[in-house]
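Read the structure below first, then the notes.
Protein chains: 2
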Amino acid sequence: MSVGSETRRPPVMEDVARLAGVSHQTVSRVLNAHPNVSPQTRERVEKAIGELGYRRNTAARSLVTRRSQTIGVLGSDMSHYGPANTLLGVQQAARDKGYFVSVASLSEVTPAAIKDALEYFMMQSVDGIVVIVPHEAMFESLSTISMAVPLVAVGFGVDERLSVAAVNQRMGASLAVQHLVDLGHAAIAHVSGPPDWIDAAARIDGWRRTLAQAELSDSVLIRGNWSAESGYRAGLELAAAGNVTALFAANDQMALGALRAFSEAGLRVPQDISLVGYDDQPEAAYLVPPLTTVNQGFKELGARCMQMLLFDMANGHSGASSVVNPRLVVRSTTAPPPAAR
Amino acid sequence: MSVGSETRRPPVMEDVARLAGVSHQTVSRVLNAHPNVSPQTRERVEKAIGELGYRRNTAARSLVTRRSQTIGVLGSDMSHYGPANTLLGVQQAARDKGYFVSVASLSEVTPAAIKDALEYFMMQSVDGIVVIVPHEAMFESLSTISMAVPLVAVGFGVDERLSVAAVNQRMGASLAVQHLVDLGHAAIAHVSGPPDWIDAAARIDGWRRTLAQAELSDSVLIRGNWSAESGYRAGLELAAAGNVTALFAANDQMALGALRAFSEAGLRVPQDISLVGYDDQPEAAYLVPPLTTVNQGFKELGARCMQMLLFDMANGHSGASSVVNPRLVVRSTTAPPPAAR
DNA sequence: AAACTAATTGTTAGCGCTAACTTAGGGGGA
DNA sequence: TCCCCCTAAGTTAGCGCTAACAATTAGTTT
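The structure is reproduced here in structure tokens:
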């Protein structure tokens, strides 16, 4: 025996239909913006929807349409500046287009973890996937697992098997290194990210090529791991060796670490040694001295990603690619080398 | 007339049932770990599931169980260190418990935007919501909008209307300020976050109280906005006035900005002025000099959040609260004031 | 005026799953 | 031995929605 005060279950389409004096199907038509509904009817239905505070049941809709209106975003180090902002861009673009965004983050980048995460998305029956894990393991996983839904990868090289949105990392590295070359530097070291990260590899490559193009011999390459700590160690090493006049760091955090190492070693930046970072995090402008770095449009990247995904979702896999160009931001950590003064 | 090569739709429960020689309900029972299934049957069903690569349809399941297995996470500045890591914690805990995580981020913190975002979650019929927007506007919105699903808020003060997981900000601020007091500082300024952010207000309060407790008169309070830039401006201002010997910054980024300002003004840290940050971002240890700061366990916070949400989802709104204690990390930006030397 | 259109609305049949009920077979206890 | 109950299944009836089709009305056309 039900009492008046029981929790009323939310209104369903039929309730709206009754109130508006139409069939539930007409309500559905209004909701889906079908053409053949008379203006008066539409209005009555909309009024009823408003009055009842009706909200369409997503599960029922998904069941019959076979689409979840959800896209999955896979990331690895979402607490870092770049990925976090890309996610933000994706998220906002998705919401604008009426999609929900489900996220999964990898605590370790291994084929097994990647497979798990993709499986998780399949369980959720997402309509599309964005992958923000520019790591080699990801590439392998993507070529073995054939995905049932469109997928766009951020930060991979152009490959017709993948739809890709990326920043031109080689160009970014070139910009940085060429700037140093133009200032007169001849011994330009590089602290890289772990080379199994696609971006890291591309920046190493850009650094090498630019050096070669300037007819400079290969200089010292130190492998970092994106952390300030690894930049610090690299800086210490370089300061001890004393054989370079400039350092190109593969991200701002490592540059920050290097900055401290140089300071400890009594090396002045930029008088004794020049430094260029990568990412242009908001803090970069407030380091001592302000960091010359490379700006990547992360949010823009996220938005483009979503755009491509929508395209692929509508037209099938495209294998298209969209490349954003980075921009060099010159601040105060770069100057001509000591010898050139 | 269907051809063999048509795209086969994914297997459904009935397909599994047929292959295993049971009814679809038995398959459902196996999947839901119901007790009354004989081991042999269970095994046969599991084998069939494996062979077909069967995956339960979430939409159908949600439709009948009236739960989406999804929780919504609302954030505002997900590109910042704290929120991003809290999200990470929530996300991992959720995935462990078999929940999907849908995120929405506010580009501006206004009642309207908040309402939109919550509406978005209701459309998705999430089972619970985690709010990582410790802002006053959020508090107002939450008290007006009565939510149909359990909600836990991160970073709010204890309030029986809300289930809350938070870091004890007042204590964190106390730790920082008391450390300075203990060193002998008597004029301790504070660059705060925007005071309509709950955390910022609590840190201001903690700063004030600790000062009062030490019988020190109120010192200068500068309103920042969390950005390095605002910390820089505050640092410049303080250096010009020259009437304080220590600065407590409400986050590490502002501390970083202040560090640059001090350096430009020729003030040595910590000899001329001491500085304490807040957050303990990984970079804090690699500033020049390494930053004394307050560590908050963000991931832990996220995990607790999820735990509380699950509890509320099972037992109805609890209004409980879970408070994590922060920890002072002393590095090299703090020393006795010049006069005390 | 009969018949054929087009526009608008209603009716029906599932989508794939779980909850609730029903049935079929064994053990014990009287 | 009969009855009751407990276990392991099967059957049935929706959850709330959309797609496909059927029905009604109004507006043409011959």
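Quick mapping for you: the protein sequence lines, in order, are chains X and Z. Letter by letter, the first sequence follows residues 1 to 341 in the working numbering. Letter by letter, the second sequence follows residues 1001 to 1341 in the working numbering. From the three backbone atoms N, C-alpha and C, an ideal C-beta is built for every residue, glycine too. Just so we're clear, the structure is a prediction, and the values are computed from it rather than from any experiment.
Next item on the list: Using the Cα positions of X/ILE132 and Z/MET1308, report the straight-line distance between them to the nearest angstrom.
Entry: Within the first sequence, the letter at position 132 stands for residue 132 of chain X. Within the second sequence, the letter at position 308 stands for residue 1308 of chain Z. If you take the alpha carbons of X/ILE132 and Z/MET1308, they lie about 30 Å apart.
Margin query: Does Z/ASN1251 pass the burial test, meaning 16 or more other C-beta atoms within 10 Å, or should it be called exposed?
Written below: Your numbering for residue 1251 of chain Z matches position 251 in the second sequence. The residue is buried, with at least 16 neighbouring Cβ atoms inside 10 Å.
Notebook entry, point to check: Which runs of the alpha helix (DSSP H) fall wholly inside the segment 1100-1165 of chain Z and span at least 4 residues, in chain order?
Noted result: 1111-1123 and 1136-1144
Margin query: Please list, in chain order, the chain X residues whose beta carbon lies closer than 7 Å to that of Z/THR1058.
Written below: One-based indexing of the second sequence puts residue 1058 of chain Z at position 58. MET123, GLN124 and SER125, listed in chain order.
Check: Start and end of the alpha helix (DSSP H) containing X/THR26?
Finding: For this step, residue 26 of chain X is matched to residue 26 along the first sequence. Residues 24-31.
Note to self: Looking at chain X, is there any beta carbon in it that lies within less than 8 Å of the beta carbon of Z/ALA1303?
What the structure shows: Residue mapping note: residue 1303 of chain Z aligns to position 303 of the second sequence, counting from 1. No, its Cβ sits nowhere closer than 8 Å to a Cβ of chain X.
Margin query: For X/PHE156, tell me which candidate among X/ALA261, X/PRO150, X/ARG327 and X/ASN168 has the shortest Cα-Cα distance.
Written below: In the first sequence, counting from the first residue as 1, residue 156 of chain X sits at position 156. Taking only the C-alpha atoms, the option nearest X/PHE156 is X/ASN168.
Check: Residues of chain X with a CB under 7 Å from the CB of Z/GLU1283: which are they?
Finding: As a working mapping, residue 1283 of chain Z is identified with position 283 in the second sequence. The contacting residues are ALA228, GLN253 and LEU256.
Notebook entry, point to check: Going along the chain, which residues of the segment 198-230 of chain X sit with their C-beta nearer than 9 Å to a C-beta in chain Z?
Noted result: SER227, ALA228 and GLU229
Checklist line | Interface partners of Z/ALA1104 on chain X, CB under 8 Å | finding: Translated into positions along the second sequence, residue 1104 of chain Z becomes position 104. Chain X residues near Z/ALA1104: GLN91, ARG95 and VAL101.
Notebook entry, point to check: Helix or strand or just coil, what does DSSP make of X/ALA202?
Noted result: The count along the first sequence starts at 1 and reaches residue 202 of chain X at position 202. Here X/ALA202 sits in helix by DSSP.
Next item on the list: Kindly indicate which three-state DSSP category Z/GLY1072 falls into: helix, strand or coil?
Entry: In the second sequence, the residue the question calls residue 1072 of chain Z occupies position 72. DSSP places Z/GLY1072 in strand when its eight states are reduced to three.
Checklist line | Sufficient close CB pairs (3 or more, under 8 Å) joining the segment 1314-1329 of chain Z to the segment 1173-1182 of chain Z | finding: yes
Checklist line | Inter-stretch contact (C-beta, 8 Å, three-pair minimum) for the segment 1130-1147 of chain Z and the segment 1183-1192 of chain Z | finding: no
Next item on the list: Answer with yes or no whether the minimum CB distance from Z/VAL1343 to chain X is below 8 Å.
Entry: Coverage of chain Z is limited to positions 1001 through 1341, which leaves residue 1343 of chain Z absent and any answer about it impossible.
Next item on the list: Name, please, each residue of chain X whose Cβ falls closer than 9 Å to the Cβ of Z/LEU1259.
Entry: To locate residue 1259 of chain Z, count along the second sequence from 1; it is residue 259. Residues of chain X passing the Cβ test: TYR286, LEU287 and VAL288.
Margin query: Only counting the same chain, and skipping five residues up and downstream in sequence, which positions put a Cβ closer than 6 Å to that of X/GLY193?
Written below: If you number the first sequence from 1, residue 193 of chain X lands on position 193. Excluding sequence neighbours, X/GLY193 sits near ALA200, TRP226 and ALA250.
Item checked: Assumed close pair Z/GLY1257, Z/GLY1235 - CB separation to whole angstroms, cut-off 8 Å -> Mapped onto the second sequence, residue 1257 of chain Z falls at position 257. Mapped onto the second sequence, residue 1235 of chain Z falls at position 235. At roughly 6 Å, the Cβ-Cβ gap stays under 8 Å, so Z/GLY1257 and Z/GLY1235 are in contact.
Notebook entry, point to check: Just to confirm, are Z/ALA1228 and X/GLU237 a CB contact at a threshold of 8 Å?
Noted result: Indexing the second sequence from 1 puts residue 1228 of chain Z at position 228. Indexing the first sequence from 1 puts residue 237 of chain X at position 237. No, the Cβ-Cβ distance between Z/ALA1228 and X/GLU237 is not below 8 Å.
Next item on the list: For X/VAL45, collect the residues of the same chain with a Cβ closer than 6 Å to its Cβ; drop the 5 residues on either side in sequence, then sort them by chain order.
Entry: Counted from its first residue, the first sequence places residue 45 of chain X at position 45. ALA20, VAL27 and VAL30, listed in sequence order.
Note to self: Determine, for Z/ASN1085, whether the minimum Cβ-Cβ distance to residues of chain X falls below 8 Å.
What the structure shows: The residue labelled residue 1085 of chain Z in the question sits at position 85 within the second sequence. Yes, contact with chain X.
Item checked: Contact set between the segment 1009-1024 of chain Z and chain X, restricted to residues whose Cβ is under 9 Å from the partner -> ARG1009 and PRO1010
Item checked: Proximity of X/LEU106 and X/SER76 at Cβ, strictly below 8 Å -> Here the question's residue 106 of chain X lines up with position 106 in the first sequence. Here the question's residue 76 of chain X lines up with position 76 in the first sequence. Contact flag set, yes.
Check: What are the start and end residues of the alpha helix (DSSP H) that includes Z/SER1192?
Finding: Position 192 of the second sequence, counted from the start, is the residue given in the question as residue 1192 of chain Z. Z/SER1192 -> not in any alpha helix (DSSP H); beta strand (DSSP E) instead, spanning 1188-1192.
Margin query: On a Cα-Cα basis, can you pick out the residue from X/THR144, X/VAL154, X/PRO150 and X/ARG56 that is closest to X/CYS305?
Written below: In the first sequence, the residue the question calls residue 305 of chain X occupies position 305. Closest option to X/CYS305, Cα to Cα, is X/VAL154.
Checklist line | Any C-beta of chain X under 8 Å from that of Z/MET1078 | finding: Taking the second sequence and counting its residues from 1, the one referred to as residue 1078 of chain Z is at position 78. Taking Cβ atoms only, chain X reaches closer than 8 Å to Z/MET1078, which makes this a yes.
Margin query: I'd like the list of long-range same chain contacts for X/PHE262, defined as Cβ closer than 7 Å, with 5 residues on each side in sequence excluded.
Written below: By 1-based counting over the first sequence, the position of residue 262 of chain X is 262. Excluding sequence neighbours, X/PHE262 sits near GLY235, ALA239, VAL269 and ILE273.
Next item on the list: Starting from Z/SER1062, find everything on chain X with Cβ-Cβ shorter than 7 Å and list it in chain order.
Entry: Translated into positions along the second sequence, residue 1062 of chain Z becomes position 62. Chain X residues near Z/SER1062: ALA59.
Notebook entry, point to check: Relative to the alpha-carbon of X/ARG331, which residue among X/ASP312, X/ALA303, X/LEU275 and X/GLY319 has its alpha-carbon at the smallest distance?
Noted result: Translated into positions along the first sequence, residue 331 of chain X becomes position 331. Cα-wise, what sits closest to X/ARG331 is X/LEU275.
Check: Between the Cα of Z/SER1146 and the Cα atoms of Z/HIS1317, Z/ALA1335 and Z/PRO1337, which residue gives the shortest distance?
Finding: Residue 1146 of chain Z sits at position 146 when you count from the first residue of the second sequence. Cα-wise, what sits closest to Z/SER1146 is Z/HIS1317.
Check: Among residues of its own chain, excluding the 5 on either side of X/VAL244, which ones have a beta-carbon nearer than 8 Å to its beta-carbon?
Finding: Position 244 of the first sequence, counting from 1, holds the residue named residue 244 of chain X. For X/VAL244, where only same-chain residues beyond five positions count, the Cβ hits under 8 Å are ALA187, ILE188, ALA189, SER219, VAL220, LEU238 and ILE273.
Margin query: Checking 8 Å against the spacing of the C-beta atoms, do X/LEU88 and Z/MET1078 come in under that value?
Written below: The sequence position of residue 88 of chain X within the first sequence is 88, counting from 1. The sequence position of residue 1078 of chain Z within the second sequence is 78, counting from 1. Cβ distance < 8 Å, so X/LEU88 and Z/MET1078 count as in contact.
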